[in-house]
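Below is one structure, written out as structure tokens; comments come after it.
Numbering (my numbering), first residue to last: 28 to 491.
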């Protein structure tokens with residue numbers, strides 16, 4: 028599909044298990060690949076005076092491991108040439124994700140404990156334009172089934188042509204301080220970047236994840252944390268991401284396996300339609316997981332999935348796996364070659380209005396958004412406008428926009444989602460109205476799974 032030359036497709040005689048020992052990794056993956064890189068002149072290396080080797084030229088900047096390749100390398104005590112340095116929580120670990128370990132194969136080091144500094148971290152340059160020659164951006168096309176992998180490939184290519192459109196769902200935890208506050212700060216920046224880029228953002232900062240029954244429709248982006256297993260709204264049988272979606276849930280063991288559609292996070296997210304995700308095969312510690320704000324910002328700027336992923340990582344030879352087409356650029360069509368299609372019309376109109384909103388004339392942006400919502404009878408534009416007004420602490424205007432959205436939406440789940448926005452907004456000062464709205468929507472949409480959420484809100488809105 029990408030037109031990769033046949034001579035750049037390599038088969039390796041390695042175990043088919045997800046777990047692999049360090050001895051097996053060296054024998055069946057690392058050494059054969061280094062030899063092939065030299066034999067086929069994909070790179071040139073030179074011997075240093077201290078007998079170490081360095082890469083002087085490299086034609087391969089991206090690599091993708093196909094489904095069937097091992098996922099993670101087990102810890103190896105007493106590995107020849109290994110040494111430990113750095114903080115104890117890092118230096119005492121030499122287990123790793125296969126992808127992350129291969130990314131640093133051009134460094135020719137025998138030190139496998141701790142992690143390797145990633146020179147591409149925070150870069151805003153295409154990797155082909157950098158001089159980080161030993162570094163290869165390694166991702167994998169992997170999932171619980173071959174059918175899902177093929178769908179991920181097709182969805183990535185189609186989305187590049189038509190654009191990634193929909194809502195961004197951001198599920199933070201409301202942390203302001205403490206050792207994990209950094210993760211919430213990433214998610215707050217993700218939400219703000221998505222808003223400025225023209226995506227309507229549904230942001231939740233309660234400790235719980237989006238609950239069962241939450242009507243999470245039109246999901247193009249999802250970033251959240253911190254549950255051990257895929258659960259809540261994302262685990263519902265009927266839930267499905269928009270084509271080409273990017274979905275990430277921060278958890279220490281989010282990618283322990285990619286072969287079960289129901290375990291942990293990465294595999295279930297892909298099984299529910301995401302085109303790309305990332306996660307951890309062993310405990311990475313928060314500071315050495317991808318900085319999701321950087322990852323998302325690079326994607327929105329038009330970088331590839333692999334470039335965005337590795338720009339977000341402080342280190343390689345560590346615990347993270349990146350699952351998706353490394354060359355996938357989800358916002359390429361939006362930023363460069365957008366050709367309007369019927370599906371994209373309302374989302375593009377929303378983006379144009381938000382450009383004015385965040386530009387020189389916010390009032391003109393608000394007016395444009397509401398006019399577009401009315402002209403297109405778009406619940407999504409009206410809902411997105413209300414969410415912007417909530418962010419700007421304009422409750423009265425937001426309530427009017429949400430009422431407009433409910434009048435345009437046809438799907439009961441969309442109507443219920445907007446009602447949840449309204450009820451939470453009314454709860455602060457107009458509890459009786461919040462209760463009345465919840466009761467009306469429960470009666471009007473008896474088959475919507477979201478009615479349980481509204482019922483759960485009633486006791487706190489009108490305590491006995």
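In this text, a Cβ means the ideal position worked out from N, Cα and C, and glycines have one as well.
Own chain partners of residue 171 with C-beta closer than 8 Å, once the 5 adjacent residues on each side are dropped: 285, 286, 287, 288, 294, 297, 298
Residue 345 in three-state terms, based on DSSP: coil
Given 8 Å, three or more beta-carbon pairs between the stretch 125-141 and the stretch 157-168: yes
Close beta carbons around residue 180, own chain, < 8 Å, minus the five adjacent residues each side: 28, 168, 352
Collapsed DSSP secondary structure at residue 267 in the structure displayed: coil
Chain-order list of residues whose beta-carbon lies under 8 Å from that of residue 209 (same chain, five-residue window excluded): 313, 314
For residue 307 and residue 348, the rounded distance between their alpha carbons: 6 Å
Buried versus exposed, by CB contacts within 10 Å (16 or more), residue 66: exposed
Reduced DSSP category for residue 165 - H, G, I as helix; E, B as strand; rest coil: strand
For residue 515: DSSP bridge partner residues: Look at the range of the chain in this structure, 28 to 491, and you will see that residue 515 is not part of it.
Other residues of its chain near residue 79: CB distance less than 7 Å, five sequence neighbours each side excluded: 135
Option in 324, 123, 482, 414 with minimal Cα separation from residue 46: 123
DSSP bridge partner residues for residue 81 (one or two, in chain order): 73
Among 221, 94, 206, 103, the one whose alpha carbon lies nearest that of residue 178: 94
Nearest-angstrom Cα separation, counted from residue 309 out to residue 376: 43 Å
Cβ-Cβ distance between residue 242 and residue 407 below 8 Å: no
Where the beta strand (DSSP E) containing residue 276 begins and where it ends: 273-276
Same chain, Cβ closer than 8 Å to residue 223, neighbours up to 5 away in sequence not counted: 381, 385
Extent of the continuous beta strand (DSSP E) to which residue 251 belongs: 246-251
Residue range of the unbroken beta strand (DSSP E) whose run includes residue 148: Here residue 148 belongs to no beta strand (DSSP E), and DSSP marks it neither H nor E.
Where residue 306 sits in the DSSP three-state scheme: strand
7 Å CB neighbourhood of residue 403 in its chain, flanking five on each side removed: 372, 373, 376
Given 8 Å, three or more beta-carbon pairs between the stretch 204-219 and the stretch 312-331: yes
Residue nearest to residue 304 in terms of C-alpha spacing, selected from 249, 258, 290, 327: 249
Range of the contiguous beta strand (DSSP E) that encloses residue 92: 89-93
Simplified DSSP state of residue 283, which is helix, strand or coil: coil
Residue 462 beta carbon less than 8 Å from that of residue 431: no
Cα-Cα separation, residue 275 to residue 316: 12 Å
Runs of beta strand (DSSP E) lying entirely within the stretch 401-488, each at least 3 residues, in chain order: none
Option nearest residue 426 by Cα separation, candidates 184, 447, 187: 447
CB contact flag (residue 90, residue 57, <8 Å): no
Burial state of residue 204, where buried means 16 or more other Cβ atoms lie within 10 Å: exposed
Contact check, residue 137 vs residue 107, beta carbons under 8 Å: yes
Integer Cβ distance of residue 428 from residue 416, believed to fall under 8 Å: 6 Å
Which listed residue (105, 302, 460) has its alpha carbon closest to that of residue 357: 302
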